[in-house]
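Residues -10 to 86, numbered by my numbering, are exactly what the sequence shown covers, in order.
Glycine included, C-beta positions come from ideal geometry on N, C-alpha and C.
These numbers were taken from a predicted model, which means no experiment stands behind them.
Each remark here refers to the structure printed beneath this line.
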Amino acid sequence: MQTSTDKGQTGPLGRVDPSLPQVFGRYLLVQRLSRGGMGEIFLAKHGLAGFEKLAVIKKVLPHLAADASFISRFVDEAQVAIKLQHVNVAQVFEVGR
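Structural data, given as structure tokens:
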């Protein structure tokens, strides 16, 4: 079970993340779901209060954001994923910085 405190949202391992919630573009990142060597995955909300939808955001780690080769591969991955439509594959809605 996950709980939140006034200091931040807890993550999957129960650690408090004081940086959350955090605005990221038009999304509000509310919980870090995972972190790997290349990026982080967040549960996010978007939309007006009462009409919010949940989304999952894949965010490149800062040290890779300036690597043009890595960003090119990241965008290529999104272009392939956006063409896929299957119940077990996450939909891509947008790509941005």
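In the DSSP assignment, H52 falls within the unbroken alpha helix (DSSP H) covering 51 to 54. Short of 8 angstroms from the beta carbon of A33, and not among the five residues preceding or following it, lie these beta carbons of its own chain, in chain order: F13, Y16, L17, L18, V19, L43, A44, V45, I46. Around the CB of R21, 16 or more other CB atoms lie within 10 Å, so the residue is classed as buried. The three-state secondary structure of S58, taken from DSSP, is helix. In this structure, DSSP gives F31 an extended state, which the three-state scheme calls strand.
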